[in-house]
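Novice: To convert, note that position 7 of the sequence shown is 8 in this note's numbering; the numbers rise steadily by one, no gaps.
This is the structure, below, for whatever I ask next.
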Amino acid sequence: MSAKILPFSKEKRSIKDIVNEAVSANLSHLNPRVIQCLKAEVEKMLEKHFSGEPPEMTIHLPSDLSEEQFAQIQHNFEKVFQKHNDHMIERANELLLDLYLSRLEYCELKYGSENHLQP
């Protein structure tokens with residue numbers, strides 16, 4: 002007897018792309034040494050704490066489910082996992098913001114917080 006399987010997809014973006022986008026969009030700092038320092042620090046932090054692959058999950062269901070039953074179960078699992086995922090992303094974003102701001106302060110102390118157009 003074969004089971005019906007619910008696959009859960011995962012999306013992965015480059016850490017370097019995420020950092021560049023975040024720093025470019027949210028930082029008005031003009032000191033390029035501070036910006037480069039911040040990018041390097043945040044990349045290291047993300048690679049260390051946030052780059053793990055999400056767990057791969059497979060749910061085996063009875064093969065005799067009707068298409069309607071299967072669709073309902075799939076919808077319910079997707080809803081529950083999305084809610085949990087949204088909550089975990091919110092928590093991770095809060096932690097990341099705190100770490101980001103501490104790394105910005107570190108880089109400003111290291112290279113100065115004044116706005117320079119030249120390194």
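Ideal placement from N, C-alpha and C gives every residue a C-beta, glycine not left out.
Bear in mind that the values here come from a model prediction, so they are computed numbers and not experimental data.
With a cut-off of 8 Å, do at least 3 Cβ pairs link the region 38 to 48 to the region 88 to 106?
Specialist: Touching, yes.
Novice: Once DSSP output is grouped into helix, strand and coil, what is the label at G113?
Specialist: Coil, per DSSP.
Novice: Which of the three DSSP states, helix, strand or coil, is assigned to L66?
Specialist: The answer is coil: DSSP assigns L66 none of H, G, I, E or B.
Novice: Could you check whether V20 and L47 sit closer than 8 Å to each other, using their CB atoms as the reference points?
Specialist: Yes, the Cβ-Cβ distance between L47 and V20 is below 8 Å.
Novice: Could you compute how far the alpha carbon of I60 sits from the alpha carbon of S67?
Specialist: Computed Cα separation, rounded: 16 Å.
Novice: Which same chain residues end up closer than 7 Å to Y101 when comparing Cβ atoms and leaving out the 5 residues on each side of it in sequence?
Specialist: V43, listed in sequence order.
Novice: So is L86 buried or exposed if we call it buried at 16+ other beta carbons inside 10 Å?
Specialist: Looking at the sequence provided, one finds Asn at residue 86 rather than Leu. Exposed, because fewer than 16 other Cβ atoms sit within 10 Å of the Cβ of N86.
Novice: Count the other CB atoms, across all protein chains shown, that sit within 10 Å of the CB of N32; report buried if there are 16 or more and exposed otherwise.
Specialist: Buried is the call here.
Novice: In whole angstroms, what separates the C-alpha of L98 from that of V35?
Specialist: Distance between the alpha carbons of L98 and V35 is about 17 Å.
Novice: Expressed to the nearest angstrom, what Euclidean distance is found between the alpha-carbon atoms of N1 and Q70?
Specialist: Shown here, the chain extends from 2 to 120; a query on residue 1 therefore has no answer.
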